[in-house]
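Structure, as structure tokens:
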Amino acid sequence: YNADWLRTQPSSKFVLQLVGSADRAAADRFIKRHALQDRAAVLETQREGKPWFVVVYGLYESSRAASTAREQLPAALRKDVQPWPRALKTLLAPAR
């Protein structure tokens, strides 16, 4: 997964948001620490007018499917963060 690929997906899909950070390098380290390179991506968004980097995991048809997938995440990851379903369209919307 990568941000460019996610931007080509239907905005009606869902992802699991794992973490957010003002530091892109911290988001990349999170992915590496949990060995999520094959299913996670960092999307740059805006928070309070400043860059915000969101680590997302997977791509799902619905919020329910994303919630179900959350239970399949590695235990160490579930212990470290509390992932939640997020509509892709809310992450890809232009900053205001």
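Position one of the sequence shown corresponds to residue 1337 (my numbering), numbered consecutively onward. By construction, the Cβ of each residue, glycine as well, lies at the ideal position given by its N, Cα and C atoms. Computed from a prediction, not measured in an experiment: that's the story for all the values here.
Beta carbon of residue i nearer than 8 Å to that of residue j
| i | j | result |
| --- | --- | --- |
| Glu1393 | Val1351 | For the sequence presented, residue 1393 should be read as Tyr rather than Glu. Result yes, Cβ atoms of Tyr1393 and Val1351 sit closer than 8 Å. |
| His1370 | Leu1427 | no |
| Arg1375 | Tyr1337 | yes |
| Ala1339 | Leu1372 | no |
| Ala1363 | Val1391 | yes |
| Ser1347 | Leu1395 | no |
Residue burial classification, residue i (beta-carbon count within 10 angstroms, cutoff 16)
| i | result |
| --- | --- |
| Gln1382 | exposed |
| Pro1387 | exposed |
| Gln1418 | exposed |
| Gln1345 | exposed |
| Gln1408 | exposed |
| Ala1361 | exposed |
| Arg1400 | exposed |
| Ala1405 | buried |
Strand pairing of residue i, partner residues [DSSP]
| i | result |
| --- | --- |
| Tyr1396 | Phe1350 |
| Lys1386 | Arg1383 |
| Val1378 | Val1391 |
Other residues of its chain near residue i: CB distance less than 8 Å, five sequence neighbours each side excluded
| i | result |
| --- | --- |
| Ala1358 | Arg1383, Lys1386, Pro1387, Trp1388 and Phe1389 |
Beta-carbon proximity list for residue i, same chain, < 6 Å, skipping 5 on both sides
| i | result |
| --- | --- |
| Leu1342 | Ala1377 |
Other residues of its chain near residue i: CB distance less than 7 Å, five sequence neighbours each side excluded
| i | result |
| --- | --- |
| Ser1403 | Pro1421 |
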